[in-house]
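Each position in the sequence shown, counted from 1, maps to that position plus 23 in my numbering. Down below is the structure, laid out as structure tokens.
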Amino acid sequence: MSNTDTGLSSSLPGAVRPEVAQHAAEVSHAGPVAESYEQQAPAIQMMAGNLEALDGVVIREVADMIMGAIGIPYEQANKYEVKQLPAGVKAATDFNQPNTWLPSKQEIQALPEVFFVSEESSACDRVCMTWIGCLNLRELKLHFYQNNAKTPLLVDRPCKVGGSCCCPLELTLTNNGQMVGMVVEDFDSYCGQWCAQTCACTYTQKVLVGSNRQSLVHKYSLVNSYCCCGRVNNCFGGTCCKPNFFIDVVSPDGKFINAVQMTYGSGGAEDCCRMGAQMNNYVMSFPPGSTHWERLMLLTGVLSVEYAYHSRKGDENSD
């Protein structure tokens, strides 16, 4: 797929223009302005095309929670480490797959960092939405960092209550204000999706790539099935009883491509606490032949699924 197919500008991450690189070389000894440019350039150059060079990523939530210390439910803004998937490792796609990798905290921390993602949201919103049990639907923004420097990538997620209420979940990824794509809850067929969610506990989000809403192209769907009605039986998945939970990556026509392997981890008491607090690790292998933009959107899609279906709602401790 070319850039013109989706309307994406070559100024997005993954396509550094030759004139930009030439300009950086020309100003490398041009004083304070050049020094400022050079301080920004490494992050841009490192980002350029790096996802196409990777087999996949590992996503680990590193949120710190304060649980009712003074009788007020509260959760700090989430943070995520996005690390490079080790060479030779692929995300599992089935419970019976041999040599399935269950990364521990120490293994993930030792991996090379791709991004650090930090949530920006209102503390008041988090407190209020925890009280009413819909913390997972909060409005937020996600900032992407590399080498401790903020990148131009930004995720914007409005507060929406879900497709069953005719208000599908969505989020948008932009780069320097230009749309890269969107992740949208699939409710094109209201009756079909309502039945899938209500009867089969299956939730689907579409991964779309394009520079505006009119040019969006449906590239993938992420299918999150909680029960035994999906491709695999995810009942009790992502727990110490059954460490993996699989989120299917499918083509627009429904053909299975691969799976995102969600696991609570393997490493003793801390990972059991992470499971109880609904903090997860995600192992994702990128689809062969996918572009940098598509991989960025798949990464964004996993974060969307994480917030919507695998993070705290705030009413877990209700009697």
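Every residue gets a Cβ at the ideal spot worked out from N, C-alpha and C, and that includes glycine.
If you run the structure through DSSP and keep just helix, strand and coil, what is residue i?
| i | result |
| --- | --- |
| T174 | strand |
| Y168 | strand |
| G204 | strand |
| E329 | helix |
| C218 | helix |
| D148 | helix |
| Y226 | strand |
| C188 | helix |
| R335 | coil |
| L20 | It is not possible to answer for residue 20, since the shown part of the chain is limited to 24 through 342. |
| R254 | coil |
| N304 | strand |
| L231 | strand |
Output the boundary residues of the beta strand (DSSP E) element that contains residue i.
| i | result |
| --- | --- |
| I82 | 79 to 84 |
| A282 | 279 to 286 |
| T197 | 193 to 198 |
| Q99 | First-last for Q99: undefined, no H or E at that position. |
Just mark residue i as buried or exposed, buried being the case when its beta carbon has 16 or more other beta carbons within 10 Å.
| i | result |
| --- | --- |
| S274 | exposed |
| R180 | buried |
| T225 | buried |
| D211 | exposed |
| P126 | buried |
| M90 | Reliability of the predicted coordinates at M90 is poor, the pLDDT of 49 falling under 50, and the value obtained from them is presented with this limitation in mind. So M90 counts as exposed. |
| Y213 | exposed |
Is residue i near the ligand NAD, judged by its Cβ being under 7 Å from some heavy atom?
| i | result |
| --- | --- |
| C214 | In the structure shown, the ligand NAD is absent, as is every other ligand, since no ligand is present at all. |
Find out if the Cβ-Cβ distance for the pair residue i, residue j is shorter than 8 Å.
| i | j | result |
| --- | --- | --- |
| A100 | S144 | yes |
| V328 | I280 | no |
| L239 | M205 | yes |
| K106 | V81 | yes |
| K336 | N199 | no |
| W124 | V255 | no |
Starting from residue i, trace the alpha helix (DSSP H) both ways and give me its first and last residue.
| i | result |
| --- | --- |
| I131 | 128 to 132 |
Examine chain B for any beta-carbon lying closer than 8 Å to the beta-carbon of residue i, and answer yes or no.
| i | result |
| --- | --- |
| C214 | This model lacks chain B altogether, as it is built from one protein chain only. |
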